[in-house]
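A short worksheet on the structure shown next.
2 protein chains.
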Amino acid sequence: MNETASLLFANEAFYLAFNNRDLAAMDAVWAERRDVTCIPPGWDVLSGREEVMESWRGILGGANSPAITCRKARGAVLGGLGMVLCYEQMGQNLLVATNLFAKEGAAWKMVHHQAGPCHITPAQLGEEPEAPPVQ
Amino acid sequence: MNETASLLFANEAFYLAFNNRDLAAMDAVWAERRDVTCIPPGWDVLSGREEVMESWRGILGGANSPAITCRKARGAVLGGLGMVLCYEQMGQNLLVATNLFAKEGAAWKMVHHQAGPCHITPAQLGEEPEAPPVQ
Chain D
219 MNETASLLFA NEAFYLAFNN RDLAAMDAVW AERRDVTCIP PGWDVLSGRE EVMESWRGIL
279 GGANSPAITC RKARGAVLGG LGMVLCYEQM GQNLLVATNL FAKEGAAWKM VHHQAGPCHI
339 TPAQLGEEPE APPVQ
Chain E
219 MNETASLLFA NEAFYLAFNN RDLAAMDAVW AERRDVTCIP PGWDVLSGRE EVMESWRGIL
279 GGANSPAITC RKARGAVLGG LGMVLCYEQM GQNLLVATNL FAKEGAAWKM VHHQAGPCHI
339 TPAQLGEEPE APPVQ
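Dropping the structure here:
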């Protein structure tokens, strides 16, 4: 798998953990050896693993935690960091996210996430691009 | 100046260009040799220098373009990239931003910006930390 494909795979793991309300999987998504930060929609900056995971505990444990679909993800490796920009569809609502990853060993681990509201509708996003072949 | 100080300086140049409605200065803030992306508050992903600068032309040329103060900026250098998280105060409204920079020669240049709404008030941010000594 090339670097961009493995970066998008790590991004998918984040949304899979989110959808499965799987706190252990979410914990594994986030970096262990770097500072991590998270800006949930409408929220302020959460800093450090403890504060970030406490937030996920609340979100994933919530009875009304919505199903989320990652759409139109695009990944780029910049320096030693990986950046994924994508949309997050929840029903007819759409958010837009910046997800940053750093390498820990062979794996991309999340170091920062910001999501915020987006003015367009899920329908306006159009079709997903065809997935590139795995190399 | 150390790397984090020069990163915060580049971040300040972004907000100075914004406040001065200075399109040429804003153009100089953004990277020339890398892909750039921008997610204005409530907006979708703008891609490439042309689309990003067209957006700034609209924002900076708007009669009601608000004065903006960057608050509580914190910078970190990660894998060759610089990340600044900060709040953007406009009157009594507060946004929160992720700003990414890459080195072009000796200068940090913006490669990505996302800003979105924040639930706290400017007063709740508290005092600014004392600026570290320039080294």
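Going down the list, the sequences are from chains D and E.
Quick note on my numbering: the first sequence kicks off at 219 and runs consecutively.
Quick note on my numbering: the second sequence kicks off at 219 and runs consecutively.
All residues carry an ideal CB built from backbone N, CA and C; glycine is no exception.
Residue range of the unbroken alpha helix (DSSP H) whose run includes residue i
| i | result |
| --- | --- |
| residue 280 (chain D) | It is not in any alpha helix (DSSP H) - residue 280 (chain D) carries neither H nor E in the DSSP assignment. |
Residue i - DSSP class collapsed to helix/strand/coil
| i | result |
| --- | --- |
| residue 229 (chain D) | helix |
| residue 247 (chain E) | helix |
| residue 310 (chain E) | coil |
| residue 329 (chain D) | strand |
| residue 223 (chain D) | helix |
| residue 252 (chain E) | coil |
| residue 263 (chain E) | coil |
| residue 235 (chain D) | helix |
| residue 320 (chain D) | strand |
| residue 300 (chain E) | strand |
Cβ-based burial, residue i [other Cβ within 10 Å; buried from 16]
| i | result |
| --- | --- |
| residue 298 (chain E) | exposed |
| residue 259 (chain E) | buried |
| residue 220 (chain E) | exposed |
| residue 250 (chain E) | exposed |
| residue 276 (chain E) | exposed |
| residue 236 (chain E) | buried |
| residue 341 (chain D) | exposed |
| residue 330 (chain E) | buried |
| residue 282 (chain E) | exposed |
| residue 238 (chain E) | exposed |
Residue range of the beta strand (DSSP E) that includes residue i
| i | result |
| --- | --- |
| residue 257 (chain D) | 255-257 |
| residue 287 (chain D) | 287-296 |
For residue i, the nearest candidate out of the options (CA to CA)
| i | options | result |
| --- | --- | --- |
| residue 309 (chain E) | E:249, E:251, E:281 and E:339 | E:339 |
| residue 244 (chain D) | D:311, D:333, D:301 and D:271 | D:271 |
| residue 294 (chain D) | E:280, E:278, E:254 and E:274 | E:254 |
| residue 332 (chain E) | E:231, E:238, E:313 and E:286 | E:313 |
| residue 246 (chain E) | E:262, E:228 and E:261 | E:228 |
| residue 225 (chain D) | D:322, D:344, D:300 and D:311 | D:300 |
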